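>
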């Protein structure tokens, strides 16, 4: 077994001073680590019905797509504004000093489908919560969420747990 | 077997008049079609050594990532400027009326690695050729390229063949 955390590269002060960015490209480039990461997430959700995996633009796609493939589920995507060509629903969310919007095609999920939410990293939970809102607007039932990395000193993971969503994170950091 | 072309949704006049956009989200959302697409690409390259699959930002990630997983290869990514946190190399390319830049981490590929280039669609070939240039700058050997969709009335696929790169496209359109 690969120590997945050892495959993450930390980039100090990126994209701005004080942020210790977690670069996942070094993990993805390592074939054994990449396979193990996808398989570990899959094993955690293998026992239950998953109709669709929802991946968040754009690094989330890198984990969500192979997981959907492995679980033999459909793959739905959440994107930044203006990227999706069909009719969309949107959800605004706030970051520290700004607000952003995420969009999803309005036929991406059918009512009652069981959904697994996937992103590369959960921090404050803004994008994850907005994605939950989008999924629920379409009538999807969120049965779990999976992340390569959890920044457990930030409140995102707890926010999802407070919504009753089981979470799996493969790598945790308890301080910046 | 699913008729993959029937799973593509055409969006007239998007993102601008005269373009008949090929929306792949309807294929991705169909679990049988998505699995078949990834498996078909994998089968075409299964007989040869592939060290890394290179996926192009952002829809290319949706195909490249499960293919890398299935082929048990590493996954390297090509991104639009400003998205990659480590030291990068860049390649400019021209579109109809503008020029764009693509970036890759300078440690994404090791010299001599055998590389499979993957994107969702090949049209004029601008991004694919720029990606080939990036891969070759790092010393990678491009052993093939795979696309979900080829617009065969545009010159991109032929440009890659002229570079000696074998191409697989699962779905072809011979006119707009």
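Residue numbers (the numbering used here), protein chains in the order written: chain A, 4 to 179; chain B, 4 to 179.
Note that the Cβ used here is the ideal one computed from N, Cα and C, for glycine as well.
This one's a predicted model, so the numbers in the text were calculated from it and none came from an experiment.
CA-CA distance, residue 171 of chain B and residue 11 of chain B?
Cα to Cα, residue 171 of chain B sits roughly 18 Å from residue 11 of chain B.
> For residue 188 of chain B, would you say it is in contact with chain A, using Cβ-to-Cβ distances shorter than 9 Å as the test?
In the structure as shown, chain B starts at 4 and stops at 179, and residue 188 of chain B therefore has no counterpart that could be examined.
> Would residue 104 of chain A count as contacting chain B if we go by Cβ distances under 9 Å?
Cβ-Cβ to chain B under 9 Å: no for residue 104 of chain A.
> Please work out which residues of its chain come closer than 8 Å, Cβ to Cβ, to residue 124 of chain A, disregarding the five sequence neighbours upstream and downstream, and give them in chain order.
If we look at residue 124 of chain A and ignore the five residues flanking it on each side, its Cβ neighbours are 25, 27, 62, 150, 151, 152, 153 and 154.
> The segment 93-123 of chain B: which residues have C-beta closer than 7 Å to a C-beta of chain A, in chain order?
Taking 7 Å as the Cβ-Cβ cut-off against chain A, the residues of the segment 93-123 of chain B that qualify are 108 and 111.
> Taking the alpha-carbon positions, what's the residue 9 of chain A to residue 38 of chain A distance?
Approximately 15 Å, taken between the alpha carbons.
> Closer than 7 Å between beta carbons: that is the criterion. Which residues of the segment 13-31 of chain A meet it against chain B?
If the cut-off is 7 Å between Cβ atoms, the segment 13-31 of chain A has 14, 17, 24, 26, 28 and 31 near chain B.
> Between the segment 72-84 of chain A and the segment 38-58 of chain A, can you find at least three pairs of beta-carbon atoms closer than 8 Å?
At 8 Å Cβ cutoff, the stretches touch.
> Closest by CA to residue 34 of chain B, which one among A:163, A:129 and A:55?
The shortest C-alpha separation from residue 34 of chain B is found at A:55.
> Using a Cβ-Cβ cut-off of 9 Å, state whether residue 87 of chain B counts as contacting chain A.
It does; some Cβ of chain A falls within 9 Å.
> State buried or exposed for residue 101 of chain A, treating a residue as buried only when at least 16 other CB atoms are found within 10 Å of its CB.
Exposed, since its Cβ has fewer than 16 Cβ neighbours within 10 Å.
> Under 9 Å, do residue 145 of chain B and residue 135 of chain B count as touching if we go by C-beta distance?
Yes. Within cutoff.
> Does any C-beta atom of chain B lie closer than 9 Å to the C-beta of residue 72 of chain A?
Chain B contact via Cβ: present.
> Please state whether DSSP places residue 15 of chain B in a helix, a strand or coil.
Strand, per DSSP.
> Report yes if the C-beta distance between residue 113 of chain A and residue 143 of chain A is below 9 Å; otherwise report no.
Taking 9 Å as the Cβ cut-off, residue 113 of chain A and residue 143 of chain A qualify as a contacting pair.
> Kindly list, in the order they appear in chain A, the residues whose Cβ is closer than 8 Å to that of residue 80 of chain B.
Those are 28, 31 and 65, listed as they occur along chain A.
> With distances taken between CB atoms, is the gap from residue 92 of chain B to residue 140 of chain B smaller than 9 Å?
Cβ distance < 9 Å, so residue 92 of chain B and residue 140 of chain B count as in contact.
> Alpha carbons only, please: which of B:138, B:88, B:178 and B:98 is nearest the one belonging to residue 16 of chain A?
For the residues B:138, B:88, B:178 and B:98, the minimum Cα distance to residue 16 of chain A belongs to B:88.
> Tell me where the beta strand (DSSP E) around residue 96 of chain A begins and ends.
Start and end: 91-97.
> Among B:119, B:117 and B:161, which one has its Cα closest to the Cα of residue 128 of chain B?
Measuring from the Cα of residue 128 of chain B, the nearest candidate turns out to be B:161.
> Against chain A, with Cβ distances strictly below 9 Å, would residue 143 of chain B count as a contact?
No, no contact with chain A.
> Could you check the C-alpha separation between residue 175 of chain B and residue 106 of chain B for me, to the nearest Å?
The straight-line gap from Cα to Cα measures roughly 28 Å.
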